[in-house]
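One structure is given below, encoded as structure tokens.
Numbering (UniProt numbering), first residue to last: 1 to 348.
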């Protein structure tokens, strides 16, 4: 049973147990001009539980407009609306939507201690299991196959290989059936995140991104990418472009060498200025067994065949030298190593 106390001032009808005037009890709660009946001609299909503070459970059986509303007025208003969603217009409320709505004017939190699966994949009339995620897992498997195919191409090109083992383990040991406390989002037509403020993605371990078609990033100001242990770029077809509409393009290897290799032609040109090639110890040009060497102030020409000069005048003057003023920025190795070791200790 239940106990639902009456509000002070409610008109009631009194009866007596077995007609004993010493044992009265409230037999009925009545409506009057000050306490009108909540059930009227326009809402008689409703069943409503309402407290004096307007905490409310409303169930409406109007055909084609069935809905349930659970609400409280604390903090503005917090509601759970199910089915045919309506506004507060009386006596004829307007439709606001359909499905379900969980809303509040205060803070909100969703917690699931064993994992959370949020999906837009259809499951008609709850015909499947609660954690039926076959469509989501199929997409994850397709993403894994895409990554594996590109890894095979990268391996043939001697490029850095993607860590697909971690990707597979994450899918099979964590996400599948939510074996660990994880959050899985799935939607067949897309997922969007938007904010006029900041958006942060942070992972203590791996960040795995797999795209079946294109990936576009449009950034109005600066794009900064800092990598601790190496950066690898690999493209299977159509080449690689690095363009700057204005400003300098700088490529530095501050503690090691730079290798530029092409199977076919290699072009280095300046359209409106000079091209300077500078080396501290030696500069060599090699082709077909012949070479030109610039070292220690000497210029050496050597080749298995003839040397040909075609010019109007060949001049020989006194010695002259010129040194390059190009320098690399100073690097504090101890600081970099300290930061790396601190990060490793934190990860442990």
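For each residue, glycine too, the CB sits at the ideal point set by N, CA and C. Given the structure is predicted, the values throughout are model-derived calculations rather than measurements.
Could you have a look at residue i and say whether DSSP puts it in helix, strand or coil?
| i | result |
| --- | --- |
| residue 350 | Lying outside 1 to 348, the shown extent of the chain, residue 350 is not represented and no answer is given. |
| residue 79 | strand |
| residue 105 | coil |
| residue 125 | helix |
| residue 216 | coil |
| residue 175 | helix |
| residue 347 | Here residue 347 scores only 46 on pLDDT, less than 50, and its place in the model should not be relied on; the value that follows carries that caveat. Residue state, collapsed to three classes: helix. |
| residue 3 | coil |
Along the beta strand (DSSP E) that carries residue i, what are the first and last residues, could you check?
| i | result |
| --- | --- |
| residue 117 | 116-119 |
| residue 164 | Element bounds for residue 164: not the beta strand (DSSP E) but the alpha helix (DSSP H), 164-170. |
| residue 11 | 11-16 |
| residue 48 | 46-50 |
| residue 223 | Careful: residue 223 lies outside any beta strand (DSSP E) and carries neither H nor E. |
| residue 284 | 282-287 |
| residue 295 | 290-295 |
| residue 301 | 298-302 |
| residue 67 | 67-72 |
| residue 29 | 24-30 |
| residue 56 | 56-60 |
Can you tell which of the options has its C-alpha closest to the C-alpha of residue i?
| i | options | result |
| --- | --- | --- |
| residue 190 | 201, 242 and 139 | 139 |
| residue 100 | 107, 76, 70 and 296 | 70 |
| residue 353 | 136, 142 and 122 | With the chain covering only 1 through 348, there is no way to say anything about residue 353. |
| residue 106 | 130, 74 and 127 | 74 |
| residue 237 | 34, 33, 16 and 154 | 154 |
| residue 142 | 24, 314, 267 and 211 | 211 |
| residue 213 | 87, 260, 147 and 116 | 147 |
| residue 108 | 114, 132 and 78 | 78 |
| residue 133 | 144, 177 and 87 | 177 |
| residue 5 | 20, 51, 14 and 225 | 51 |
| residue 24 | 219, 12, 62 and 113 | 12 |
| residue 113 | 182, 235 and 202 | 182 |
| residue 14 | 44, 7, 3 and 28 | 28 |
| residue 45 | 170, 126, 62 and 250 | 62 |
| residue 35 | 7, 171 and 76 | 7 |
| residue 157 | 21, 261 and 49 | 261 |
On the DSSP letters alone, give me the boundaries of the alpha helix (DSSP H) that residue i sits inside.
| i | result |
| --- | --- |
| residue 191 | Note, residue 191: premise wrong, no alpha helix (DSSP H); not H, not E. |
| residue 152 | 134-156 |
Could you tell me if the beta carbon of residue i falls within a distance shorter than 8 Å of some heavy atom in the ligand NAP?
| i | result |
| --- | --- |
| residue 269 | For the ligand NAP, the structure offers nothing, since it holds no ligand at all. |
Measuring straight from C-alpha to C-alpha, what distance separates residue i and residue j?
| i | j | result |
| --- | --- | --- |
| residue 60 | residue 111 | 29 Å |
| residue 285 | residue 293 | 7 Å |
| residue 149 | residue 161 | 11 Å |
| residue 300 | residue 321 | 16 Å |
| residue 247 | residue 221 | 14 Å |
| residue 348 | residue 280 | Per-residue confidence for residue 348 stands at a pLDDT of 44, beneath the threshold of 50, marking its modelled position as unreliable; no derived number is given. |
| residue 231 | residue 57 | 58 Å |
| residue 269 | residue 324 | 19 Å |
| residue 91 | residue 16 | 39 Å |
| residue 151 | residue 233 | 12 Å |
| residue 9 | residue 42 | 26 Å |
| residue 18 | residue 94 | 50 Å |
| residue 295 | residue 277 | 13 Å |
| residue 282 | residue 228 | 32 Å |
| residue 271 | residue 264 | 22 Å |
| residue 159 | residue 258 | 16 Å |
| residue 194 | residue 223 | 19 Å |
(request) Assess, as a yes-or-no matter, whether the region 205-221 is touched by the region 151-170 under the definition of 3 or more beta carbon pairs within less than 8 Å. (result) Cβ pair count under 8 Å is three or more, so yes.
(request) Check whether the region 253-262 touches the region 324-331, taking contact to mean three or more Cβ pairs, one atom from each stretch, closer than 8 Å. (result) In short, these stretches touch, since the Cβ pair count reaches three.
(request) May I ask you to verify whether the region 179-193 touches the region 117-129, counting CB pairs closer than 8 Å and requiring at least 3? (result) They touch, by the three-pair rule.
(message) I want to know whether the region 80-96 touches the region 52-67 - three or more CB-CB distances under 8 Å.
(response) Yes, since at least three Cβ pairs between the region 80-96 and the region 52-67 fall closer than 8 Å, the two stretches touch.
(request) Spell out a yes or no on whether the region 300-319 and the region 270-290 are touching, meaning 3 or more CB-CB pairs, one atom from each, closer than 8 Å. (result) When C-beta atoms of the region 300-319 are compared with those of the region 270-290, three or more pairs fall below 8 Å, so the two segments count as touching.
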